[in-house]
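Below is one structure, written out as structure tokens; comments come after it.
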Amino acid sequence: MNLLAFLEQKVTAALVAAGAPDGTPALVRVSGHARHGDYQANGVMSVARSLGKNPREMAQRVTELLDLSDVVEKTEVAGPGFINFFLKTQWLTQQLGQYIHDDRLGVPLVDKKQTVVVDLSSPNVAKEMHVAHLRSTVIGDAVARTLEFLGHKVIRANHIGDWGTQFGMLIARMEDLEAEQQVDVMDVGLANLEEFYRQAKQEYDSDPAFSERARDYVVKLQGGDDWCREQWQKLVQVTMKQNLHLYERLNVKITDKDTMGESMYNPMLPSLVADLKRKKLAVEDQGAVVVHLDEFRNKDGDPMGVIVQKRDGGFLYTTTDIACARYRVESLEADRVLYYVDARQSDHLKQAWFIARKAGYIPAQVSFEHHTFGMMLGQDNRPFRTRAGGVVKLAALLDEARSRATELVRSRDGDLSEQREEELVRALSTGAIKYADLSKNRTSDYVFDWDSMLSFEGNTAPYMMYAFTRVQSIFRKAGVDANGLSGALNLTEPEERGLAICLLRMTEVLDTVARDGTPHFLCGWLFDLAGCFMKFYESCPVTQSQVDPEVRQSRLHLCAMTARALRLGLECLGMDVVEYM
RNA sequence: GCGCCCGUAGCUCAGCUGGAUAGAGCAAUGGCCUUCUAAGCCAUGGGUCGCAGGUUCGAAUCCUGCCGGGCGCGCCA
Numbered sequence: 002m003n004l005l006a007f008l009e010q011k012v013t014a015a016l017v018a019a020g021a022p023d024g025t026p027a028l029v030r031v032s033g034h035a036r037h038g039d040y041q042a043n044g045v046m047s048v049a050r051s052l053g054k055n056p057r058e059m060a061q062r063v064t065e066l067l068d069l070s071d072v073v074e075k076t077e078v079a080g081p082g083f084i085n086f087f088l089k090t091q092w093l094t095q096q097l098g099q100y101i102h103d104d105r106l107g108v109p110l111v112d113k114k115q116t117v118v119v120d121l122s123s124p125n126v127a128k129e130m131h132v133a134h135l136r137s138t139v140i141g142d143a144v145a146r147t148l149e150f151l152g153h154k155v156i157r158a159n160h161i162g163d164w165g166t167q168f169g170m171l172i173a174r175m176e177d178l179e180a181e182q183q184v185d186v187m188d189v190g191l192a193n194l195e196e197f198y199r200q201a202k203q204e205y206d207s208d209p210a211f212s213e214r215a216r217d218y219v220v221k222l223q224g225g226d227d228w229c230r231e232q233w234q235k236l237v238q239v240t241m242k243q244n245l246h247l248y249e250r251l252n253v254k255i256t257d258k259d260t261m262g263e264s265m266y267n268p269m270l271p272s273l274v275a276d277l278k279r280k281k282l283a284v285e286d287q288g289a290v291v292v293h294l295d296e297f298r299n300k301d302g303d304p305m306g307v308i309v310q311k312r313d314g315g316f317l318y319t320t321t322d323i324a325c326a327r328y329r330v331e332s333l334e335a336d337r338v339l340y341y342v343d344a345r346q347s348d349h350l351k352q353a354w355f356i357a358r359k360a361g362y363i364p365a366q367v368s369f370e371h372h373t374f375g376m377m378l379g380q381d382n383r384p385f386r387t388r389a390g391g392v393v394k395l396a397a398l399l400d401e402a403r404s405r406a407t408e409l410v411r412s413r414d415g416d417l418s419e420q421r422e423e424e425l426v427r428a429l430s431t432g433a434i435k436y437a438d439l440s441k442n443r444t445s446d447y448v449f450d451w452d453s454m455l456s457f458e459g460n461t462a463p464y465m466m467y468a469f470t471r472v473q474s475i476f477r478k479a480g481v482d483a484n485g486l487s488g489a490l491n492l493t494e495p496e497e498r499g500l501a502i503c504l505l506r507m508t509e510v511l512d513t514v515a516r517d518g519t520p521h522f523l524c525g526w527l528f529d530l531a532g533c534f535m536k537f538y539e540s541c542p543v544t545q546s547q548v549d550p551e552v553r554q555s556r557l558h559l560c561a562m563t564a565r566a567l568r569l570g571l572e573c574l575g576m577d578v579v580e581y582m
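Quick note on numbering: the first sequence equals residues 2 to 582 in the working numbering.
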């Protein structure tokens with residue numbers, strides 16, 4: 002259950018009964034300090050003022066109207082009009098006790114199931130994925146997993162860059178390559194896509210015959226020429242084969258069926274532009290088709306003219322994005338669309354959606370949200386690059402993580418079998434990279450630092466994984482199965498209570514992540530949870546001989562639920578756990 | 001020029017949409033292992049929340065103006 006939402010609803014009702022307007026938010030929050038209780042309501046003060054009432058008196062009245070006698074030990078009015086709630090340990094025990102055999106630890110499936118399209122990753126064809134794609138891929142996948150866990154229907158949309166004039170030169174280059182080497186590129190694969198792209202560009206810039214052929218291929222490709230389309234298709238396939246392999250290494254749930262590239266919308270563009278014209282949104286202007294937007298300004302301060310069709314008849318990426326938005330609403334039946342796209346595209350997306358809404362493609366109740374994120378920086382606070390100044394490829398990043406994780410694991414001279422070491426290195430290396438990214442607020446730039454992400458101290462993947470193995474180790478020591486526990490839950494020690502209340506917050510945390518698309522909030526909670534468990538672990542023995550059998554069973558329940566919460570939480574982030582480390 | 005984002009401890013980051021004495025982790029110092037993994041726990045020090053105004057019971061958070069950093073504003077994507 003969502004404890005916070007439960008209290009919010011209770012206090013709101015009391016607030017209204019005390020004379021506040023309907024729906025006045027109670028503003029229930031987790032208390033900042035233990036002395037202010039477990040939860041606090043902050044909503045009385047502002048509403049009291051607007052009603053001309055004394056806030057403390059009104060808060061007092063609210064507490065009298067609240068029927069929470071089973072739930073709270075003590076309710077107090079404090080300061081200028083805060084209401085603090087001290088939850089009954091017995092009630093907490095009861096609540097958490099309901100979930101001792103619940104796989105979902107009390108996290109309910111949503112009442113109103115939504116179809117949510119998550120736009121993520123979006124690599125370019127004939128280019129290797131690099132760090133700029135990491136955040137979109139990893140954060141988008143984590144939010145997608147969280148939404149799925151809550152019961153929504155999620156459609157991952159991998160909006161790959163598979164269209165554009167660059168394909169002329171790529172097809173020409175591929176043709177030459179196949180002639181020179183007498184092989185099908187598909188058979189060898191484009192071992193080095195970056196190199197391939199670079200060569201194509203170089204020839205295009207230096208060889209007039211080549212560039213002429215390239216331009217010819219662009220026209221043919223757009224005209225639907227069979228051979229050109231076949232060549233183009235090859236490039237897409239080769240690229241995506243490589244990318245899908247990377248997704249697998251990254252433990253990201255993006256498959257072939259999620260690919261919905263730019264080219265997919267091409268057939269929809271002519272009718273789209275015709276429709277915009279019919280609706281008088283788009284007009285002919287110097288041979289091009291333009292949508293004028295008063296709401297946006299160009300460099301000269303004039304209303305922005307967004308071109309949706311070029312004078313030569315070609316379309317632009319704004320046109321594609323309008324069509325894409327329309328498709329997501331009309332064909333995918335999205336209730337909500339989340340774009341995990343670089344912050345720099347903000348203006349562009351705003352314009353595309355603005356036009357789409359004006360044209361009636363996006364109904365008011367469907368929300369389109371640009372979930373921006375900042376750049377990855379190196380330790381010099383400059384964009385993260387290789388020593389030579391090039392972009393860091395994802396494959397290289399994962400390789401380095403692997404070797405660093407291997408070194409780290411071996412430096413600890415544990416007695417792990419080869420297989421366990423392999424599992425650990427794998428989980429640790431991708432986990433460290435992903436967690437480092439996920440644990441930071443996506444909106445700002447963040448500094449990429451190998452040492453801190455692979456540290457066992459602080460809010461890191463290794464610490465979280467260690468917490469999990471520590472719990473598991475208790476079950477091994479006790480020789481019992483975490484899934485077959487008997488006995489009841491009973492909370493007596495403060496560390497037990499602290500752990501319990503943290504466990505009970507899982508629903509509210511996941512709800513927040515789903516609402517805001519902010520996995521770092523989940524990371525923060527997991528870090529709290531791991532911390533609460535560590536404190537519990539230090540002061541509350543479980544398997545030791547002097548421990549009373551009933552206490553032991555109760556504590557085993559706490560351990561089992563902690564392990565489950567950690568695993569579920571980390572799964573929502575796309576992270577693996579291991580049993581040993 | 002117009003627009004968007006960012007500025008919080010020496011470093012890396014939180015701060016739940018206006019709440020109580022701004023919190024964590026690194027790094028520094030000191031303590032805790034014959035008992036469930038010390039890759040851990042506990043304690044101490046560390047801040048003019050870029051600056052200046054404003055809004056109000058109350059501002060890191062909202063409004064205005066500066067300063068500093070990043071990024072957009074193509075018949076490219």
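Backbone N, C-alpha and C fix where the C-beta goes; we use that ideal spot for every residue, glycine too.
Roughly how many angstroms separate the alpha carbons of residue i and residue j, rounded to a whole number?
{"i": "alanine 365", "j": "arginine 358", "result": "8 Å"}
{"i": "glycine 390", "j": "arginine 279", "result": "50 Å"}
{"i": "threonine 1", "j": "glutamate 497", "result": "Because residue 1 is not part of the residues shown, which for the chain are 2 to 582, the question remains open."}
{"i": "glutamate 422", "j": "threonine 431", "result": "14 Å"}
{"i": "glutamate 408", "j": "aspartate 416", "result": "15 Å"}
{"i": "lysine 113", "j": "proline 520", "result": "22 Å"}
{"i": "leucine 5", "j": "glycine 306", "result": "47 Å"}
{"i": "phenylalanine 83", "j": "glycine 44", "result": "8 Å"}
{"i": "tyrosine 248", "j": "leucine 395", "result": "10 Å"}
{"i": "tyrosine 511", "j": "alanine 18", "result": "Looking at the sequence shown, residue 511 is not tyrosine but leucine. Cα to Cα, leucine 511 sits roughly 30 Å from alanine 18."}
{"i": "cysteine 560", "j": "threonine 508", "result": "18 Å"}
{"i": "leucine 273", "j": "alanine 324", "result": "7 Å"}
{"i": "leucine 399", "j": "proline 81", "result": "53 Å"}
{"i": "histidine 37", "j": "valine 78", "result": "10 Å"}
{"i": "arginine 403", "j": "arginine 477", "result": "28 Å"}
{"i": "leucine 574", "j": "aspartate 177", "result": "44 Å"}
{"i": "tyrosine 362", "j": "valine 48", "result": "39 Å"}
{"i": "leucine 106", "j": "leucine 567", "result": "11 Å"}
{"i": "leucine 194", "j": "arginine 174", "result": "12 Å"}
{"i": "aspartate 295", "j": "valine 284", "result": "14 Å"}
{"i": "phenylalanine 87", "j": "lysine 11", "result": "15 Å"}
So residue i and residue j are in contact, right, with Cβ under 8 Å, and what is the actual spacing, rounded?
{"i": "phenylalanine 374", "j": "alanine 344", "result": "7 Å"}
{"i": "valine 31", "j": "alanine 42", "result": "The pair is not a contact, with the Cβ atoms about 11 Å apart (cut-off 8 Å)."}
{"i": "leucine 66", "j": "alanine 15", "result": "4 Å"}
{"i": "tyrosine 581", "j": "alanine 531", "result": "Their Cβ separation, rounded to whole angstroms, is 17 Å, which puts tyrosine 581 and alanine 531 out of contact at 8 Å."}
{"i": "arginine 327", "j": "alanine 335", "result": "About 11 Å; that fails the 8 Å criterion."}
{"i": "histidine 160", "j": "serine 123", "result": "5 Å"}
Looking at C-alpha atoms only, which residue of the options is the closest neighbour of residue i?
{"i": "methionine 269", "options": "Gly306, Asp257, Glu285, Gly315", "result": "Gly315"}
{"i": "glycine 379", "options": "Asp512, Glu419, Trp451, Gln232", "result": "Trp451"}
{"i": "glycine 20", "options": "Ala60, Glu204, Val126", "result": "Ala60"}
{"i": "leucine 333", "options": "Leu317, Val118, Met265, Val139", "result": "Val118"}
{"i": "glycine 262", "options": "Asp286, Gln234, Ser272", "result": "Gln234"}
{"i": "histidine 598", "options": "Met465, Ala353, Ala360", "result": "Past the boundaries of the shown model lies residue 598; the chain is included only from 2 to 582, so the question cannot be answered."}
{"i": "methionine 535", "options": "Ile475, Val393, Leu339, Gly80", "result": "Ile475"}
{"i": "aspartate 549", "options": "Ala35, Gly488, Leu574", "result": "Gly488"}
{"i": "leucine 569", "options": "Gln310, Asp103, Phe86", "result": "Asp103"}
{"i": "serine 453", "options": "Thr461, Asp226, Asp414", "result": "Thr461"}
{"i": "valine 309", "options": "Asn382, Asp276, Arg337", "result": "Asp276"}
{"i": "histidine 153", "options": "Leu69, Leu317, Val111, Gly459", "result": "Val111"}
So for residue i, helix, strand or coil by DSSP?
{"i": "isoleucine 363", "result": "coil"}
{"i": "tyrosine 341", "result": "coil"}
{"i": "isoleucine 140", "result": "helix"}
{"i": "asparagine 125", "result": "strand"}
{"i": "glycine 375", "result": "coil"}
{"i": "leucine 294", "result": "strand"}
{"i": "valine 237", "result": "helix"}
{"i": "proline 304", "result": "strand"}
{"i": "valine 481", "result": "coil"}
{"i": "leucine 88", "result": "strand"}
{"i": "proline 384", "result": "strand"}
Next on the checklist: Below 8 Å, how does it come out for the region 498-516 and the region 428-448: are there three or more Cβ pairs, yes or no?
Outcome noted: Contact check between the region 498-516 and the region 428-448: fewer than three CB pairs, one atom from each, fall below 8 Å, which does not count as touching.
Checklist entry - Does the region 286-299 come close enough to the region 227-243 that 3 or more CB-CB pairs lie under 8 Å? => result no
Next on the checklist: Check whether the region 209-220 and the region 138-152 touch, using three or more Cβ-Cβ pairs below 8 Å as the test.
Outcome noted: no
Checklist entry - Quick check: the region 94-109 against the region 296-303, are there 3 or more CB pairs under 8 Å? => result Contact fails: fewer than three Cβ-Cβ distances are below 8 Å.
Checklist entry - Does the count of Cβ pairs from the region 239-247 and the region 213-227 closer than 8 Å reach three? => result no
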